[in-house]
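Everything below concerns the one structure shown next.
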Amino acid sequence: MPAHSSHQEAHLFAWKDSQGNERSFPFWCYLPKKRPEDGKLPLLLFLHGAGERGTNLTLVTKHGPPKLIEQGEAFPFVVISPQCPLDQWWAMQENVIGLAELVEQAYADYPIDPTRMYATGMSMGGYGTWKLAAMYPKLFAAIIPICGGANLSEIEALKDLPIWAFHGREDDVVPLIRSQEIIDQLSKIDSDAKLSIYDNVQHDSWSATYANPEIYDWLLSHTTCNPFGY
Numbered sequence: 001m002p003a004h005s006s007h008q009e010a011h012l013f014a015w016k017d018s019q020g021n022e023r024s025f026p027f028w029c030y031l032p033k034k035r036p037e038d039g040k041l042p043l044l045l046f047l048h049g050a051g052e053r054g055t056n057l058t059l060v061t062k063h064g065p066p067k068l069i070e071q072g073e074a075f076p077f078v079v080i081s082p083q084c085p086l087d088q089w090w091a092m093q094e095n096v097i098g099l100a101e102l103v104e105q106a107y108a109d110y111p112i113d114p115t116r117m118y119a120t121g122m123s124m125g126g127y128g129t130w131k132l133a134a135m136y137p138k139l140f141a142a143i144i145p146i147c148g149g150a151n152l153s154e155i156e157a158l159k160d161l162p163i164w165a166f167h168g169r170e171d172d173v174v175p176l177i178r179s180q181e182i183i184d185q186l187s188k189i190d191s192d193a194k195l196s197i198y199d200n201v202q203h204d205s206w207s208a209t210y211a212n213p214e215i216y217d218w219l220l221s222h223t224t225c226n227p228f229g230y
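Just so we're aligned, residue 1 is where the sequence shown starts under UniProt numbering, counting upward by one.
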């Protein structure tokens, strides 16, 4: 039986990487009690920061949507919150491939609306969100990367993806320029991307962001074509 944490259940997703090696992500899955009339639910993938890596899945509930769920908050999404292995990064290509496969497996296992799938992440997870969306630009209807960064050579793939980025102006861990340079480049190609900057805030730009109901309404306002075709 899966372990329970509030309304989140612990699961393990296994896949094979490009070298044929067995890999896995433990993850929390939250299912809303309320369902729409058609029974289909939007999906929110949450990528944690570097401090929550490892094998203790409870660490993933330290920040973001998993933390809010632990505190009794109800979300309208299926929330998938995987854990990155220790000494690895979300933006590593093999992990990005695994995350995309995890999203497709979640679509197969749960009543998910494939036209309303979203991704968000903070710090290391912000980098992972940018990288995942750049490698799979048709997978998500919108993304919210927080205090992350990306390889600018990959940014053009995000041209048609709605993006709302967040960053603290005084961030001394991941400098503001990491988000600003991405948004500036996207603005040159008429992308639907915007950046909100918190004055007098350092690295923790995620607490205020995830506590803001407006971001979830914004995500839900966007839809896309079914990326799986089935």
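All C-beta atoms, glycine included, are put in the ideal place defined by N, C-alpha and C.
Taking a contact to require three or more Cβ pairs closer than 8 Å, the segment 86–97 and the segment 62–70 do not qualify as touching. Scanning the segment 77–131 from its first residue to its last, the whole beta strand (DSSP E) runs of 3-plus residues come out as 78–82, 112–122. In the structure shown, the three-state DSSP call for Glu170 is coil. Rounded to the nearest whole angstrom, the C-alpha separation of Pro32 and Gln105 is 18 Å. Straight-line spacing of the CA atoms in Leu59 and His48 works out to 9 Å. Under a 10 Å Cβ-count criterion, Val78 is classified as buried, with 16 or more other Cβ atoms of the shown protein chains found around its own Cβ. Per DSSP, Ile182 has no beta bridge partner at all.
Distance from the Cα of Ala134 is smallest, within the candidate group Glu156, Pro145, Ala14, for Glu156. In the three-state DSSP reduction, Lys16 falls in the strand class (E or B). Annotation: Ala100 to Val201 spans about 32 Å, alpha carbon to alpha carbon. When secondary structure is reduced to three states using DSSP, Ile189 falls in the coil class, being assigned neither helix nor strand.
Considering only Ile97, Leu158, Ala211, the residue with the shortest C-alpha distance to Asp190 is Leu158.
Judged by beta-carbon spacing, Arg35 lies beyond the 9 Å limit of Pro85, meaning their Cβ atoms are not closer than that value. Residues of the same chain with a CB within less than 6 Å of the CB of Asp113, apart from the 5 flanking positions on each side, are Lys40, Pro42 in chain order. Beta-carbon to beta-carbon, Ile183 and Phe166 are separated by about 11 Å, too far to satisfy the 8 Å threshold. Cβ contact annotation for Gly128 (same chain, cutoff 6 Å, sequence separation greater than five): Leu47, Trp90, Ala91, Gly121, in chain order.
A straight-line Cα-Cα distance of about 15 Å links Ile97 and Pro26.
Counting every other CB atom within 10 Å of its CB across the protein chains shown gives Cys29 a total of 16 or more, marking it as buried.
Under the criterion of beta carbons closer than 8 Å, Lys138 and Ala150 do not qualify as touching, at roughly 17 Å. Put simply, the backbone Cα of Asn56 is about 42 Å away from that of Lys188.
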